[in-house]
Structures are given as C-alpha cells and as structure tokens.
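Letter 155 of the sequence shown, counting from 1, is numbered 198 in this note's numbering, and no numbers are missing. All residues carry an ideal CB built from backbone N, CA and C; glycine is no exception. Treat the numbers as computed from the prediction; the structure is a model and nothing was measured. Each remark here refers to the structure printed beneath this line.
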Amino acid sequence: MQNILVTGGLGFIGSHTVTTLLNNNLQPIIIDNLSNSNLDVLKKIKNISGVQPKFFEGDIRDEDFLSRVLFGNKIDAVIHFAGLKDVADSVKNPNKYYDVNVNGSKALIKQLIKFDIKKIIFSSSATIYGEPKILPIPESHPIDTINPYGENKVMVESFLEDLCKQDDQWKATSLRYFNPIGAHPSGHLGEAISTKISNIMPHILNVALKKVSILDVYGNDYDTKDGTGIRDYIHIMDLVDGHIAALSCLDKQNGHNIFNLGTGKGISVLELVKAFEEATNQQIPYQFVGKRKGDLSTSYADPSKALKELRWKAKKGLIEMCEDSFKWVCSEKYKK
Ligand code: NAD
Ligand code: WQD
Numbered sequence: 044m045q046n047i048l049v050t051g052g053l054g055f056i057g058s059h060t061v062t063t064l065l066n067n068n069l070q071p072i073i074i075d076n077l078s079n080s081n082l083d084v085l086k087k088i089k090n091i092s093g094v095q096p097k098f099f100e101g102d103i104r105d106e107d108f109l110s111r112v113l114f115g116n117k118i119d120a121v122i123h124f125a126g127l128k129d130v131a132d133s134v135k136n137p138n139k140y141y142d143v144n145v146n147g148s149k150a151l152i153k154q155l156i157k158f159d160i161k162k163i164i165f166s167s168s169a170t171i172y173g174e175p176k177i178l179p180i181p182e183s184h185p186i187d188t189i190n191p192y193g194e195n196k197v198m199v200e201s202f203l204e205d206l207c208k209q210d211d212q213w214k215a216t217s218l219r220y221f222n223p224i225g226a227h228p229s230g231h232l233g234e235a236i237s238t239k240i241s242n243i244m245p246h247i248l249n250v251a252l253k254k255v256s257i258l259d260v261y262g263n264d265y266d267t268k269d270g271t272g273i274r275d276y277i278h279i280m281d282l283v284d285g286h287i288a289a290l291s292c293l294d295k296q297n298g299h300n301i302f303n304l305g306t307g308k309g310i311s312v313l314e315l316v317k318a319f320e321e322a323t324n325q326q327i328p329y330q331f332v333g334k335r336k337g338d339l340s341t342s343y344a345d346p347s348k349a350l351k352e353l354r355w356k357a358k359k360g361l362i363e364m365c366e367d368s369f370k371w372v373c374s375e376k377y378k379k
C-alpha cells in the first residue's frame, strides 16, 4: 500500500482527500498544526472511513518535526495542502503569508530532498490568473497576481518547476483550484464555517441557519448575465477526485505539470442563491451592496487539459453542491 503524506490533512480540502485516499486503498499520513482545524476532524474521518489515519501535529516550517515524521514513515508521495488561504488577510499580513506559504513549502521540499521523496502534488489557485484575458481560462493564461497569497502560490509553483528541471526524477503537479464548495455526501464532514470566512457559501449557509439575517451580494453592475460576479464552483469531492487522478498519473508524467480543477461552467451569485433555495427549500434573502475591493467580474476554468491528460472531469452539479453543503451544516454541530 502506498503511503501518502498529506500536509494540512485536517483542513477542508485535506480532510475530504484523506477519506478518498482511504477508499482508494492509499495510506494517508497527516501532518497539520491545527491552526485552522481541530482534532474532531480526525474522529469524523474515522467515522466515515472506519480507519483512523496516522496523524502528526506540527508545523511544516519546523524541519526537525518534518525530519522525524519522514524518518519514521516511508513516504511514496506528498499532497501539500498546508497553508494560509485568506486573500484579504494576506494583503494585511504579507510577511505571515510568505512565512507559512513560501518558507513552509521550502522547508517541506528541503526535507523531501533529504529523504529522497520526489513526488508531490501542490494546491495552487486560480487567483494567480488575475483579471481574465481569455475565457474559459486555460493553464497557459498569463499569470497576474493581484495579492500576496497569489504571489506565494506562484513562487511555490516555480520552485517545483526548477526542482524538476534540475533533477528529472522529480515529478510535481500543481493543481489550480477554482471555487470549491459542497461537503462530504455523508453529511459528517465539511468546511468549518466561521464568521471570519469571506467566501460566498459559508455566508449563504449562515443565512440559511438564520445566524445572519441577509446575504450581502457584492455588486450588481458587473458586465455579466445578471450583473453579479461569476465563478466556477466545484464540488469538493470532484476536486478531491482530481487529486487522486493526478496522483495516479504522476509516475507516467515528466517534470512539473499544471492543471486547472474546475467545472468549466460560470455561475453568477444570483444563480448560486437560486440553486441553493431550490436544493434546500430555504429562503435566502439578499441585498445588493457595493463591490468588494479586488473582486473579479468573471472567472471560470477551461478544464480540458485535465480531461485529456488526467482523464478527470467534474461530475457533480450545482444542486448537489448546495444540498451537500446544507446537509453538513444541519449536522448537530451547527444546528445549536
Ligand atoms: P484549510 O485552512 O481548511 O486547510 C489548511 C490546513 O493546513 C489547516 O488544517 C491548517 O491547520 C493547516 N496548516 C496551516 N498552516 C500550517 C502549517 N504552517 N503547518 C502545518 N499545517 C498548517 O484550507 P483549504 O481550503 O483546505 O485549502 C487547502 C489548500 O488549498 C491551501 O493551500 C489553499 O491555499 C489551497 N486553495 C484553497 C482554495 C479554497 O477555496 N478552499 C482555493 C484554492 C486553493
Ligand atoms: C465568490 C463570489 C463575490 C461573499 C476566493 C479567493 C480565491 C480562492 C477562492 C483560494 C464573488 C461574491 C462573496 C459574499 C458575495 N481561494 N460574494 N457575497 O472571490 O472567487 O475567491 O476564494 O485560493 O483565491 O480569492 O470567492 O467565495 O469569496 O466569492 O456576493 O458574502 O461571491 O463577490 O463574486 P472568490 P468568494
């Protein structure tokens, strides 16, 4: 059985990935510093999978910690999720973001080199494309980072590129995610929603749970079908399957490869709200407020490279994304 080191494996995307790795007879070994997760997630993974994966609490910037984990466990490949992801926070605290996202990734790569582990999948982001010049956005789209978080992602992608150029045994894949939403279909695992999160789905869920009375829709005069922003929402389990596909293709690929993970469909804020109402029978009252600083009008993926080379495509629709998000927050934890 292959051992897969999963950094940030108790976070939103990492935890869902761990359940699918276990389903695919792959052995996840999780490291996480719990800065944006907690040990309850480990129990949830066990409840879903029947197995409690190995977990090591620690920071990817701590090379001694990494070295101890890698010394004690034979690792075949790494999926690197650990990092900070709040774009607005990265603008306020660029040094903190550089330290965790860039220095953390460097420390990890240094230890991987030491232990001769040369296969990695990295969580990148569609934010690095900036304002789209081509739609749908292909991987060849020019990079135009508009925030420190995006700059961090570009830097790590370019380390991986250099690493693969210097040593042809290295195999690295950067996956550029569009907008993951949804939750595990069991209803027992999902994204921890807090008032700190600025993404749309947690806001819709807070309105559905009546924790917030109304959804603020940022802008209604974009040049889009209904004036609201357009994004490529992808079900978390489809996104996870993209990682499994990328992992299984690593061996036959050369060097550093980049893939978009999106559905290819652009959905407006109002379409998302309508789909949520239809899927859950909940009313989501909303009001238009001013545009959010730094927001793009439209962003959606050209996912054809992943289909051609990884044989992966997103299968789940918007209704399922909304149903599963709502099922998750209706679990005991959030009802209270
Ligand atoms: P998340 O915050 O839920 O998960 C990240 C996990 O990493 C958390 O459990 C956190 O505790 C852990 N972590 C943070 N810093 C760490 C450190 N220094 N050492 C060890 N563990 C650390 O985020 P997520 O949504 O699951 O995102 C995972 C990755 O995907 C991130 O790299 C993020 O930038 C990237 N990404 C996410 C999105 C999204 O919309 N969720 C979109 C594009 C890219
Ligand atoms: C989606 C749409 C908003 C909240 C961010 C990061 C990106 C990536 C994913 C990590 C936009 C609108 C939102 C609300 C609203 N993360 N909106 N009311 O901005 O595409 O991307 O998360 O890599 O890097 O920037 O996602 O969910 O914040 O917004 O109207 O309360 O919803 O204006 O059109 P975004 P989002």
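Are there any heavy atoms of the ligand COA lying less than 7 Å away from the beta-carbon of residue i, as far as the coordinates show?
i    : result
L178 : In terms of ligand content, the structure shown lacks the ligand COA and carries the ligand NAD and the ligand WQD instead.
Quick one: what's got a C-beta closer than 6 Å to residue i's C-beta in the same chain, skipping five residues either side?
i    : result
A125 : T50, G51 and I103
K356 : L350
V283 : H59, T60 and T63
I118 : N46, L48 and I160
Just how far apart, CA to CA, sit residue i and residue j?
i    : j    : result
I122 : G272 : 31 Å
D205 : P346 : 25 Å
T341 : M44  : 42 Å
T63  : K153 : 28 Å
S92  : K162 : 25 Å
V84  : G57  : 10 Å
H278 : I88  : 18 Å
Y329 : K308 : 23 Å
A318 : L361 : 7 Å
S78  : D187 : 29 Å
T170 : D107 : 32 Å
P185 : F369 : 36 Å
N263 : V255 : 21 Å
A288 : D281 : 10 Å
G274 : A226 : Correcting the residue type first, residue 274 is Arg in the shown sequence and not Gly. Cα to Cα, R274 sits roughly 18 Å from A226.
L290 : F331 : 42 Å
P175 : N116 : 43 Å
K157 : D269 : 53 Å
N242 : Q209 : 38 Å
R111 : L82  : 21 Å
Leaving out five residues on either side along the sequence, give the residues of the same chain with a beta carbon under 7 Å from the beta carbon of residue i.
i    : result
I189 : G173 and G337
V134 : N190 and P191
P223 : I56, I277, I279 and L282
Y265 : T271, G272 and S340
Quick one: is the Cβ of residue i within less than 7 Å of any heavy atom of the ligand WQD?
i    : result
D281 : no
G272 : yes
G309 : no
N222 : yes
Does the beta carbon of residue i fall short of 7 Å from some heavy atom of the ligand NAD?
i    : result
V49  : no
R104 : yes
N76  : yes
F124 : yes
G298 : no
I362 : no
By Cβ distance below 8 Å, which residues in the same chain neighbour residue i in space, the five residues on each side in sequence not counted?
i    : result
D142 : R104
N76  : E100, G101, D102, I103 and A125
With a cut-off of 8 Å, do at least 3 Cβ pairs link the stretch 96-112 to the stretch 299-308? no
Any chance the stretch 243-262 sits against the stretch 306-326, with 3 or more Cβ pairs inside 8 Å? Cβ pair count under 8 Å is three or more, so yes.
State whether the stretch 211-227 contacts the stretch 304-320, with contact taken as three or more CB pairs (one from each stretch) at a distance under 8 Å. With the cut-off at 8 Å, the stretch 211-227 and the stretch 304-320 touch.
Do the stretch 141-153 and the stretch 191-200 touch if we need at least three Cβ pairs shorter than 8 Å? yes
When you compare the stretch 229-244 with the stretch 180-188, are there three or more beta-carbon pairs, one atom per stretch, that lie closer than 8 Å? no
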